[in-house]
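Chemist: Start counting the sequence shown at -17; every next residue gets the next number (this note's numbering).
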Amino acid sequence: MQATLKNFTTLEKYTVIENPKLSHLFYEYIRAWESNNSPKEEELKQASDETLTKINDIICEWIDVKEIKKIANRYKPHSEIQILKPPQLKGIDGEEEINAKNDIPLKLTKFVYDQLCKFNPKEIKGKAIYVILFEYFKKFIMDEINPACCADI
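1) Which residues in the same chain as Ile106 place their Cβ atom closer than 7 Å to its Cβ, once the five residues preceding and following it in sequence are excluded?
2) In this structure, what does DSSP give as the bridge partners for Cys99?
3) When you compare the CB positions of Tyr118 and Val94, do they come within less than 8 Å of one another, or not?
4) At the level of alpha carbons, what is the spacing between Ala133 and Phe122?
5) Go ahead and pull the three-state DSSP assignment for Ile37.
6) Between which two residues does the alpha helix (DSSP H) harbouring Asn1 extend?
7) What's the C-alpha gap between Tyr112 and Asn18?
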């Protein structure tokens, strides 16, 4: 039983899932987020909730393993596609400036961008999670009108 649970937990010392903190940290950014009622921010919050659900569906295998493999097969590493820095982060000097603004969408943008640039999954679940995060980044952070990576140019 314990060996099986390692496939589904995100507790760092007990998991076989790559980057186990990603799901929890993503959750921490969106759980207490009160949107400012702008349609754009509402859409981002809704998309964030849906993305977290998809990530957890992969971790817990609430979707079929074949579907997880299908998603993972679309994975391309950052070294190959070269994620572009979001326009929201241009001109911002560092973590302190982002934290001082207390702007959840900005913090979330930085978190997702950093994850995509640093996370190099090797396993199927990790690759599938990366693909889900990249699709969220491309559609809701970069807004589809901007290229999300060098491969889009």
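For glycine and all other residues, C-beta sits at the position ideal for the given N, C-alpha and C.
Note that the structure is predicted; figures quoted are calculated from it, not measured.
Modeler: Let me spell this out:
1) As a first step, residue 106 must be located in the sequence shown, where it is residue number 124. Same-chain partners within the cutoff: Ile50, Lys51 and Ala54.
2) Position 117 of the sequence shown, counted from the first residue, corresponds to residue 99. BP columns for Cys99 are empty, so no partner.
3) Residue mapping note: residue 118 aligns to position 136 of the sequence shown, counting from 1. Residue mapping note: residue 94 aligns to position 112 of the sequence shown, counting from 1. Cβ distance < 8 Å, so Tyr118 and Val94 count as in contact.
4) Reading the sequence shown from its first residue, position 151 is the one you call residue 133. Reading the sequence shown from its first residue, position 140 is the one you call residue 122. Answer to the nearest angstrom: the Cα atoms are 18 Å apart.
5) For the purposes of this step, residue 37 is identified with residue 55 of the sequence shown, where counting begins at 1. Note: Ile37 maps to helix in three-state DSSP.
6) The residue labelled residue 1 in the question sits at position 19 within the sequence shown. It is not in any alpha helix (DSSP H) - Asn1 carries neither H nor E in the DSSP assignment.
7) The sequence position of residue 112 within the sequence shown is 130, counting from 1. The sequence position of residue 18 within the sequence shown is 36, counting from 1. Between Tyr112 and Asn18, the C-alpha separation is close to 28 Å.
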